[in-house]
Structures are given as structure tokens and as C-alpha cells.
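Sequential numbering from 0 applies to the sequence shown in numbering that gives the first Met the number 0. Positions of the beta carbon are idealized from the N, C-alpha and C atoms, including for glycine. Beneath this line is the structure, given in C-alpha cells, with notes to follow.
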Amino acid sequence: MRRRLGILLSGRGSNFIAIADAIAGGRLKAEIAVVLSNRPEAPGLALARERGIPAFAVSGPNRDQLIIDHLQKHEVDLVCLAGYMRMLSAPVIAHFRNRIVNIHPSLLPAFPGLDSQHQALEHGVKFAGCTVHFVDEGLDSGPIIRQAVVPVFADDSDASLSARILKEEHRIYSEAIAVVLSGQFRIVGRTVVEA
Ligand code: GRF
Numbered sequence: 000m001r002r003r004l005g006i007l008l009s010g011r012g013s014n015f016i017a018i019a020d021a022i023a024g025g026r027l028k029a030e031i032a033v034v035l036s037n038r039p040e041a042p043g044l045a046l047a048r049e050r051g052i053p054a055f056a057v058s059g060p061n062r063d064q065l066i067i068d069h070l071q072k073h074e075v076d077l078v079c080l081a082g083y084m085r086m087l088s089a090p091v092i093a094h095f096r097n098r099i100v101n102i103h104p105s106l107l108p109a110f111p112g113l114d115s116q117h118q119a120l121e122h123g124v125k126f127a128g129c130t131v132h133f134v135d136e137g138l139d140s141g142p143i144i145r146q147a148v149v150p151v152f153a154d155d156s157d158a159s160l161s162a163r164i165l166k167e168e169h170r171i172y173s174e175a176i177a178v179v180l181s182g183q184f185r186i187v188g189r190t191v192v193e194a
């Protein structure tokens, strides 16, 4: 049976679409069971509905309980944060321990949090990139599954660097999801060791 993904997003949803396209193209054996957003107006929610994928806004003080309920109801095996701009509460993380992954637009542990591409340019780094990692209780701090590196050019703007990184995000997120779904890995301390 195809493993079932739950996607959490807050915005445009290009990483969600890249995952959906990887599935449609046969590069990722999975199915997207549900898409959830803390923002009802998130374009990613509308894109999900256009593709016939169940999609719901989750808001209010019970948001994280609603998230757990939706994920359980749709029998989700792996939760993929795709531009989800909220910290998940400890009960959600505990409920799905090592079954939540996130994509972050920096080479973690550099530049966690918001505006990572801007932080990278301000710092003057020569290389930037993106990271797919397991989600733990910290900010962008869980064990790293995949990273990709891009060069930083002297004339880069936030927008040009973000676009270069985003292209790599779209590539490595599906690869990392495939690794996790395969179960062919161990987490040793902080290190994800692939079999
Ligand atoms: C991506 O850069 C992702 O790494 C970050 O938020 C952005 C979301 O973009 N967490 P999109 O909504 O997937 O297009």
C-alpha cells in the first residue's frame, strides 16, 4: 500500500506541488492524504483542492489538536512541513516522533528561523543551500536527512538567492521523503545513517 503523507503549509505551496509532481511522475511512491494550513487564504490550500486532495484550514486555540485529529483521520504515515510557519507544540511532535520532516532554506545549523536567505547574504557566506530534517522540539534543530548546496554570487539579492535555493528544495525534499518512507535508515545521536 502507498504510504500516506500529510502536508502542512502556510503559503504558496511550491514544495507541496513539487512533492505532488514527484508522486505523479513516479519518482516518489506515496500519496498525499491531506493538506492542512494555519492560514485559510494560503494559495497552497487552493492548489490542493484543485488537485482533488482533501485540504483544511486549522486555526484557533485548538489548532494543534485539530492537526492531530486530521492526520489521524486521514491515516497519515509521515507529516511533511512545507513552508509551515508555526512551531508545532510538544504533543504533536511526541505523537508523531520521527515522523515529521521539514524543509528549511539554509544549510543548518546556520541561519535557523525566519528570512534565512537574507541572513545568509548579510553574513557574507559564499555558499548557501537547504536542509531536510526531522522535526524535534527545537527551532529547525532535528537530525538532518538531506542537504543541497548552492553558490552565492556577489550580485545576489534575497530574491535571486531564494530562487536558486528553492530549485534545490524542490529536488531534495522528495528524495528525503523517499529515504524516510523506505525505513532504510537509523538515527544515531544526531546523525541520520542511511542503510
Ligand atoms: C521554502 O523556502 C521553505 O524552505 C520554507 O518556506 C518556503 C516555503 O515555500 N520553509 P513554498 O510555500 O513551499 O513555496
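Ranking D154, A19, Q64, R96 by CA distance to the CA of V124 puts D154 first. Under the DSSP assignment, H122 falls in the alpha helix (DSSP H) whose first and last residues are 115-122. For I67, same chain residues with a beta-carbon under 7 Å away, outside a window of 5 residues either side, are V91, H94 in chain order. Counting only runs of 3 or more residues that sit fully inside the stretch 96-163, the beta strand (DSSP E) segments are 99-103, 126-133, 143-150, in chain order. According to DSSP, L77 shares a beta bridge with L4. Partner residues in a beta bridge of E168, as assigned by DSSP, do not exist. Under the 10 Å beta carbon count, E167 is surrounded by 16 or more other beta carbons and is classified as buried. Across the structure, A89 and F126 are spaced so that their CA atoms are roughly 33 Å apart.
DSSP places S88 outside both helix and strand once states are collapsed to three, so it counts as coil.
Checking the 7 Å criterion, the Cβ of P104 is within range of a heavy atom belonging to the ligand GRF.
Assignment of beta-bridge partners to E193 by DSSP yields F184. In terms of Cβ geometry, S13 and H169 form a close pair [threshold 8 Å].
The continuous stretches of beta strand (DSSP E) do not include A47, which lies in the alpha helix (DSSP H) extending over residues 42-49. By DSSP's assignment, F55 forms a beta bridge with L35. For S13, the enclosing alpha helix (DSSP H) begins and ends at 13-23.
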